[in-house]
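First up is the structure itself, then whatever we jot down about it.
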Amino acid sequence: METVGSNENLSIIVMIDRRSSNRATIHRVIKEDPPSDRLVSPVLRDLGSANMGDPQTLKDFIIWTSTNYPALNYALILWDHGGSFAGVCWDHGVNPNERLTMTELETALSGAGMHLGVVMFMACLMSSIEVAYQIRKCCDYVVASEAVSGPYIWHFNSIFAHVCNNPSISARDLASFMLVFHGMNIEWQFGTLAQLDLSQLDNLATAVDGLGKLLKDNLRSYGPQIERARSRVENTLTYQNGTQHLVDLYRFAEEIFYDTTITSESIRAAAWNVMVAVSNAVIKSRVGPYS
């Protein structure tokens, strides 16, 4: 980040929680030329042993940043372990079991009293309907992976340099650049990465609810077909215990729709509705070597 640094058009504010010292600090990233492997950006606030799994910590950070560095547009990057609906941003200090649940994430974002253009999750498994639906009223776009992420290198300098060169960039275009740039990067090893339009989440949730109800009501008639569809769809592992209870939503609906042994037109129509709704919500997606 210090390769680019903040300037009159861009403020890069980071909150770092160090496991080694169990101390969290806030910095405004400055440019270092030539760059080194050490952090030179000065500490603006020392938060002590702040709990990263407490929604108040994230809320206070957003409020403090927007108060001291007001801007026309805001993007938030959350970087840590992720577990889809199980949570994100585990605390690695004195509160090792604490993390932000989806309800707490929504509480932090909505409680900060500002609307975000982009929320990017540098964490496993966060491109899921449960995550996106929960924060749909807090931001416009999400960039995240639905899979467990392999080793990766994020070239923030390229993202921030792009913003510096295009200070009026829209949230949609910024989210697209984040995804496309890393999709072309030879060091990019995410299993998947997607850009989600959160204005489509209510329609997607309605479609999923409709299909889910029909499948539940027809388990006796189509139980084997539903189980077969589930088994054919790609699994993703949860962060904490490695169980496989996350699947690709579009692929599951696709399996249901194209199963000719399911003779219920209402079920197949509901599956089609999910496929259309997912396609409308996913603006762009990339697949890497860990897929």
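FYI, the numbering for the sequence shown is 458 to 748, going by our numbering. Even for Gly, the Cβ is constructed at its ideal location relative to N, Cα and C. For clarity, every value in this text was computed on a predicted model and none was experimentally measured.
When the Cα of residue i is compared with those of the options, which residue comes out closest?
i	options	result
G669	P527, R475, F709	F709
I713	R743, I487, Q682, L557	Q682
L661	I473, E722, A632, V588	V588
D490	V704, I469, T460	T460
I487	I473, N464, T558, R502	N464
G574	S584, Q652, G539	Q652
W729	D716, V620, L676	D716
N552	A726, A507, I616	A507
R556	F542, F617, R725	F542
V605	D597, G540, I469, A569	G540
G462	N675, D630, S615, D659	S615
K516	L501, S633, L533	L533
G505	R480, A686, I520, K741	R480
L706	K673, T720, A664	A664
G667	T649, Y679, A726	A726
S742	V471, E603, T482	E603
S584	L655, K594, F613	L655
F578	S493, D494, D537	D537
I740	P624, R495, N525, L650	L650
N675	I586, E691, V600, S723	S723
In this structure, what does DSSP give as the bridge partners for residue i?
i	result
S742	A651
D474	A481
L557	V545
A539	Sequence check: residue 539 is Gly here, not Ala. Answer is V545.
Does DSSP classify residue i as helix, strand or coil?
i	result
R593	coil
V575	strand
L529	coil
V588	helix
Y715	coil
V600	strand
G680	helix
G570	coil
M641	Because the pLDDT at M641 is just 49, under 50, the model does not fix this residue reliably, and the point stays unresolved.
D517	helix
E563	helix
A728	helix
A580	coil
R495	coil
L467	coil
D511	coil
E722	helix
D490	coil
Between which two residues does the alpha helix (DSSP H) holding residue i run?
i	result
D666	658-674
I534	First-last for I534: 532-536, but that is the beta strand (DSSP E), not the alpha helix (DSSP H).
I616	613-622
Hey, could you find the ends of the beta strand (DSSP E) residue i is sitting in?
i	result
M500	Per the sequence shown, the amino acid found at residue 500 is Val instead of Met. Taken as a continuous stretch (DSSP letters only), the beta strand (DSSP E) holding V500 covers 500-505.
- Query: Between the region 547-564 and the region 502-513, do at least 3 Cβ pairs fall closer than 8 Å?
  - Reply: yes
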